[in-house]
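Per full-length UniProt numbering, residue 1 is the first one in the sequence shown, and the count goes up by one each step. Just so it is clear, CB atoms sit at the ideal spot from N, CA and C, and this is done for glycine as well. What follows is one structure encoded as structure tokens, with my remarks underneath.
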Amino acid sequence: MRLADTQLDFLDQILATPAPTVSEGMRIYRHAYRARLSGAMAETYAQVWAWLGDETFKSEVRAYIEAHPSSQWSLDDYGQGFATFLGGRYPDDPEIAELAWLDAALRQAFAAEDADLLDGAALMQLSDWEAVRFVLNPALRHRAIRSNAPALWRALSKDETPPEVLSFKATSGLCVWKTALASRFRTLEADEYTLICALAAGQDFAAACETLTRDASDRDLTAQIGAWLGQWLTEGLVTGLDATETSS
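See below:
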């Protein structure tokens, strides 16, 4: 048998479900493979674990591992699809998938490249506000949410009793990013999240604002947009300006 065939056979025996009849040595390998993946996911998804409890969490992790074998040498990124997986298994409990997403996003943001805060004075040099494109924090991750998962996460991370689960009729947003070597997150109301999504998609400032005001034609959001921009600068969500759009 060729070496490649031997390796494939070895891999098949490790991944096979249900467990085939194998030697004691192979049973050890099968257990070690799953234990390593389970350990990596337990470390990443600590608050989902706390929320679901030991038995349910471990059962879901086992199901995920069987459905999604590792395809990388490193365990750093294993389990990144767990939030989507849980969303499919608990469609009526959105907080579960959202907790999982937040767990993973905070780790991803921490590992992302650092970025300096943008000096607000740079805005005073803009010659064309309509055409400017804001550069968002490179660690930024965002998603729409339908529950108070961020509040649940905060309580769980402090070993406090989590609040009652709340479901939102209007879609809110959850942003995760990094400043000062620390990951952080914040919930955004629908209008602010719409604007962030437009900027993250590469729209210039005028187009992004138009996306928002088109959906809120009965309200003047000029002052609110200015307040959001100031907050983003302070928080480090906006870290730069497109150099081609600033005056010399």
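Quiz item: Which residue comes first and which comes last in the beta strand (DSSP E) that contains residue 254?
Solution: The first residue shown for the chain is 1 and the last is 248, placing residue 254 beyond what the model contains.
Practice problem: List the residues that DSSP assigns as beta-bridge partners of Val-132. | Solution: Translated into positions along the sequence shown, residue 132 becomes position 132. Paired residues: none, contrary to the question.
Practice problem: Tell me, please, which residues DSSP counts as bridged to Gly-240. | Solution: Within the sequence shown, numbered from 1, the residue matching residue 240 stands at position 240. Its beta-bridge partners are Val-135.
Self-check item: Inter-residue spacing [alpha-carbon to alpha-carbon] between Leu-195 and Thr-211
Solution: Counted from its first residue, the sequence shown places residue 195 at position 195. Counted from its first residue, the sequence shown places residue 211 at position 211. C-alpha separation (whole angstroms): 7 Å.
Quiz prompt | 8 Å CB neighbourhood of Pro-94 in its chain, flanking five on each side removed | solution = As a working note, residue 94 is residue 94 in the sequence shown. Hits under 8 Å: Gly-87, Ile-145, Arg-146, Ser-147, Ala-149 and Ser-167.
Quiz prompt | Distance, Val-61 Cα to Arg-36 Cα | solution = By 1-based counting over the sequence shown, the position of residue 36 is 36. By 1-based counting over the sequence shown, the position of residue 61 is 61. Computed Cα separation, rounded: 12 Å.
Self-check item: Three-way DSSP call (helix, strand, coil) for Ala-112 in this model
Solution: Mapped onto the sequence shown, residue 112 falls at position 112. Reduced to three states, the DSSP call for Ala-112 is coil.
Quiz item: Quick one: Cα of Ala-227 to Cα of Tyr-78, how far?
Solution: Here residue 227 refers to the residue found at position 227 when the sequence shown is read from its first residue. Here residue 78 refers to the residue found at position 78 when the sequence shown is read from its first residue. C-alpha separation (whole angstroms): 39 Å.
Exercise. Jot down the residue ranges of each uninterrupted alpha helix (DSSP H) in the stretch 147-200, minimum 4 residues, whole runs only, in chain order.
Key: 149-157 and 190-200
Quiz item: Should Leu-118 and Cys-175 be called a contact, given that it needs their Cβ atoms to be closer than 8 Å?
Solution: The sequence position of residue 118 within the sequence shown is 118, counting from 1. The sequence position of residue 175 within the sequence shown is 175, counting from 1. Taking 8 Å as the Cβ cut-off, Leu-118 and Cys-175 do not qualify as a contacting pair.
Quiz item: Under the three-state reduction of DSSP, which class applies to Leu-75: helix, strand or coil?
Solution: Here residue 75 corresponds to residue number 75 of the sequence shown, with the count starting at 1. Correct three-state label for Leu-75: coil.
Quiz item: Would DSSP call Leu-37 helix, strand or coil?
Solution: Within the sequence shown, residue 37 is the residue found at index 37, counting from 1. Leu-37 falls in the helix class under three-state DSSP.
Quiz item: Leaving out five residues before and five after Thr-179 in sequence, what residues of the same chain have Cβ atoms less than 6 Å from its Cβ?
Solution: To locate residue 179, count along the sequence shown from 1; it is residue 179. In its chain, beyond the 5 residues on either side, Gly-236 have a beta carbon closer than 6 Å to the beta carbon of Thr-179.
Self-check item: Unbroken alpha helix (DSSP H) run spanning Leu-52, endpoints
Solution: Taking the sequence shown and counting its residues from 1, one reaches residue 52 at position 52. Where Leu-52 is concerned, the enclosing alpha helix (DSSP H) stretches over 46-52.
Quiz prompt | Where the alpha helix (DSSP H) through Gly-202 begins and ends | solution = Along the sequence shown, read from residue 1 onward, the residue named residue 202 stands at position 202. Gly-202 -> no alpha helix (DSSP H), and no H or E assigned at all.
Exercise. Can you tell me which of the three DSSP states Leu-233 falls into?
Key: Residue numbering aside, residue 233 sits at position 233 when the sequence shown is read from its first letter. Leu-233 falls in the helix class under three-state DSSP.
Practice problem: Leaving aside the five residues before and after Tyr-193 along the sequence, list all residues of the same chain whose C-beta is less than 6 Å from its C-beta, in chain order. | Solution: The residue labelled residue 193 in the question sits at position 193 within the sequence shown. For Tyr-193, same chain residues with a beta-carbon under 6 Å away, outside a window of 5 residues either side, are Gly-173 in chain order.
Quiz item: Asp-204 to Arg-133, Cα distance in whole Å?
Solution: Within the sequence shown, the letter at position 204 stands for residue 204. Within the sequence shown, the letter at position 133 stands for residue 133. Straight-line measurement puts the Cα of Arg-133 at about 4 Å from the Cα of Asp-204.
Quiz prompt | Buried or exposed by the 16-neighbour rule on C-beta atoms within 10 Å, applied to Glu-66 | solution = Taking the sequence shown and counting its residues from 1, one reaches residue 66 at position 66. Per the 10 Å Cβ criterion, exposed.
Quiz item: What is the C-beta distance between Ser-183 and Ala-109, in whole angstroms, given that I count them as a contact (C-beta under 8 Å)?
Solution: Here residue 183 corresponds to residue number 183 of the sequence shown, with the count starting at 1. Here residue 109 corresponds to residue number 109 of the sequence shown, with the count starting at 1. Their Cβ separation, rounded to whole angstroms, is 4 Å, which keeps Ser-183 and Ala-109 in contact under 8 Å.
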